[in-house]
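Take a look at the structure below.
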DNA sequence: CGAAGAGCATAAGCTCAACTACTCACCTGC
DNA sequence: GCAGGTGAGTAGTTGAGCTTATGCTCTTCG
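Chains as they are written, first to last, in our numbering: chain E, 285 to 596; chain U, 285 to 596.
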């Protein structure tokens, strides 16, 4: 690590490069960052002096500028460095707020129903000093963004997760079951119904749920588009509609209320691949003792849950 | 990305934090970085003002300082950022030198013998404009360090690789074979000899080779320490000694010269787990087109090589 | 074809942050 | 209690980077 010109490199230089790449011009970037155009021009000049290469191609006149290859490569590094700084900032903010005993956990509805209550009970027994703040979101992508920004420490998620600065842990496989009204002929079969048989029936579907989209793709692969007569994001509503005879639903087992007398649950025996529920966290952020403990508790609770249905 | 105090953060702050952590005192860190003690003290004060937390515990007097929890967490982020900057620097240096057509590849002896000649021939036929610079090292760890510093673009390696900023690709499994003098009773057996039978014989071993250490651990696991009568890092020497009847050797198949009339090669049928040869590169560095092409060629050549011995 | 406009570069001046040099306050250990 | 080593504080100077103002280049349009 010789003390060469790279030590003169400043974060503002990288921020400026990114702003120019985003905005497409020196002037817009300057405006965005609250500088004058001249300042940005000088910053880029300094940056190019430091790395020794032209980073931005200025054709002159009102023609649009573009990043050189070196500029593009450096921009990727700059992005990574800024992301890492955000993670550091989030860690520091958490420590500053005295958050050693606070854990912000993201969930979505279908995982909330069965896993969360048990997990919270078990976790708060073993770690009463840790305050768990739950954040439920309809939009699953939002949860990932909050992880990336450091607004959440952990989140539940259906794996696999999109590429990003994430670390993941598989918790359990949640098989899909068919939910039908009491007395439905599909429930009377000795064998699990085929997808073809299911797709002929009216279906109650979900919105905003990638795991459910996945089911509909499976159904559509039979060659016949499923007839979705109603959509809701509330599992209770879906199950109520099934009970009322409006249609049937293909739901993850963990979301269905098995004590509901108006419906019957039919095992699909893997005809639709089980969804995988896991935990996701920011790969660059510090894992607090509380977070580690929460993960451990989640593993334990999910182990119980995956054994139970098999025994039942 | 609100323009808060974090934009005032400077790389020198992080470098200073790291220097203090390494040296254990403000003064030593200042000396190392070429500043006065006062400058370092002010830098840390500025850094603590930015993050809003005390990073270093100063007990006062000549008692040693220590990092607070926040300091340790921030230090890990700082290390990652500095590593990423080094990667960026290496990418820029490569571009500056007009290295689009140069590829620096690390190897070690045992992979050099069979794979490299074929690979270089095949690669230079398809990519004549790319200059490949080979760097062979006895010390395998040195190769990884050179990858990390950006002194190498790719290196061969026996997987798995130690944790670090690396990306790896498995190329082939190279099984171990027993090399014995012509006429050895072990070669006359109908079945592959057992480890117990091997360990009773005098062994020719290797130095400086983690893959070979692994073999000796396997042999020692029989309960009897192998009797290593000679060591050499040169495969030719080892094979020569076997041919001269000094002992026998357990070598990866790719390192042995099968045309040597003074020795016989005995298949061990997996009694010693095969070593895995792969390629390693820096996960944060830019992959040039030349590097991508080289990896492709390596995959193709190794596929051929792993099929051949099975057919032979 | 010339004027207008958009966009980056450059020059000059100013501000402020950071370094050096020096001093002080503090604690340990002999 | 004093010497030695450690970090903090203060004053002064230097320099990097910002703003303002201006210049240059290329395109567009009447």
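Beta carbons are placed, not taken as given, at the ideal position from N, Cα and C, and that holds for glycine.
- Closer than 8 Å, Cβ to any Cβ of chain E: which residues of the stretch 310-339 of chain U, in chain order? 317, 318, 335, 336, 337
- Message: Less than 7 Å between CB atoms is the rule here; does residue 376 of chain E satisfy it with respect to chain U?
- Response: yes
- Return the chain-ordered list of same chain residues with a C-beta closer than 8 Å to the C-beta of residue 466 of chain E, the five sequence neighbours on each side being excluded. 527, 545, 546, 547, 548
- Query: How long is the line joining the alpha carbons of residue 401 of chain U and residue 566 of chain U, rounded to whole angstroms?
  - Reply: 24 Å
- Item | Cβ shell of residue 314 of chain U (< 7 Å), same chain only, five flanking positions each side left out | 320, 321, 323, 324
- Item | Integer Cβ distance of residue 552 of chain U from residue 380 of chain E, believed to fall under 8 Å | Contact flag wrong, Cβ pair sits at about 60 Å.
- Task: Check the C-beta distance from residue 297 of chain U over to residue 331 of chain U and give it rounded, since I have them as a contact under 8 Å.
- Result: 4 Å
- Query: Nearest CA to the CA of residue 329 of chain U: which residue from U:293, U:308, U:316, U:348?
  - Reply: U:293
- Task: Just the C-alpha distance for residue 560 of chain E and residue 426 of chain E, rounded to the nearest angstrom, thanks.
- Result: 19 Å
- Item | Cβ-based burial, residue 372 of chain E [other Cβ within 10 Å; buried from 16] | buried
- Item | Option in U:486, U:404, U:456, U:516 with minimal Cα separation from residue 537 of chain U | U:456
- What first and last residue would you give for the beta strand (DSSP E) that runs through residue 443 of chain U? 438-443
- Query: Are the stretch 474-489 of chain U and the stretch 438-458 of chain U in contact at 8 Å, needing three or more beta carbon pairs?
  - Reply: no
- Query: If you run the structure through DSSP and keep just helix, strand and coil, what is residue 566 of chain U?
  - Reply: strand
- Item | Span of the alpha helix (DSSP H), counted from its first residue to its last, around residue 431 of chain U | 424-433
- Task: Just the chain E side, please: which residues come within less than 8 Å of residue 566 of chain U by C-beta, in chain order?
- Result: Result: empty, since nearest Cβ-Cβ is about 12 Å, beyond 8 Å.
- Item | Identity of the residue in E:361, E:312, E:387 nearest residue 575 of chain E by Cα | E:387
- Item | Under 7 Å between C-beta atoms of residue 570 of chain E and residue 435 of chain E | no
- For residue 368 of chain E, collect the residues of the same chain with a Cβ closer than 6 Å to its Cβ; drop the 5 residues on either side in sequence, then sort them by chain order. 568
- Message: Check whether chain E comes within 7 Å of residue 573 of chain U, counting only Cβ atoms and requiring the distance to be less than that.
- Response: no
- Query: Going by the beta-carbon positions, is the gap between residue 349 of chain E and residue 289 of chain E smaller than 7 Å?
  - Reply: no
- So, residue 389 of chain E versus residue 339 of chain E, is the Cβ gap smaller than 7 Å? no
- In whole angstroms, what separates the C-alpha of residue 591 of chain E from that of residue 585 of chain E? 10 Å
- Item | Nearest to residue 440 of chain E (by Cα), restricted to the options E:384, E:535, E:578 | E:578
- Item | Simplified DSSP state of residue 399 of chain E, which is helix, strand or coil | helix
- Message: 7 Å is my cut-off, CB to CB: does residue 441 of chain U come that close to chain E?
- Response: no
- Task: Identify, in the order they occur along the chain, each residue of the same chain with its Cβ nearer than 8 Å to the Cβ of residue 583 of chain E, setting aside the five sequence neighbours on each side.
- Result: 453, 455
- residue 607 of chain U vs residue 382 of chain U beta-carbon contact at 7 Å: With chain U covering 285 to 596 only, the question about residue 607 of chain U has no answer from this structure.
- Item | Test item: CB-CB of residue 491 of chain U and residue 515 of chain U under 7 Å | yes
- Message: Along the stretch 527-539 of chain U, where does the CB come closer than 7 Å to a CB of chain E? Name the residues.
- Response: none
- Item | Inter-residue Cα distance where the pair is residue 550 of chain E and residue 519 of chain E | 17 Å
- Can you list the residues of chain E that residue 357 of chain U reaches, using a CB-CB cut of under 8 Å? 372, 375, 376, 379, 570
- Span of the beta strand (DSSP E) around residue 533 of chain U: 533-536
- Straight-line Cα distance separating residue 523 of chain E from residue 517 of chain E: 11 Å
- Query: If you compare alpha carbons, which of E:589, E:564, E:581 is closest to residue 391 of chain E?
  - Reply: E:564
- Query: For the candidate residues E:505, E:423, E:431, E:442, whose alpha-carbon lies nearest to that of residue 370 of chain E?
  - Reply: E:431
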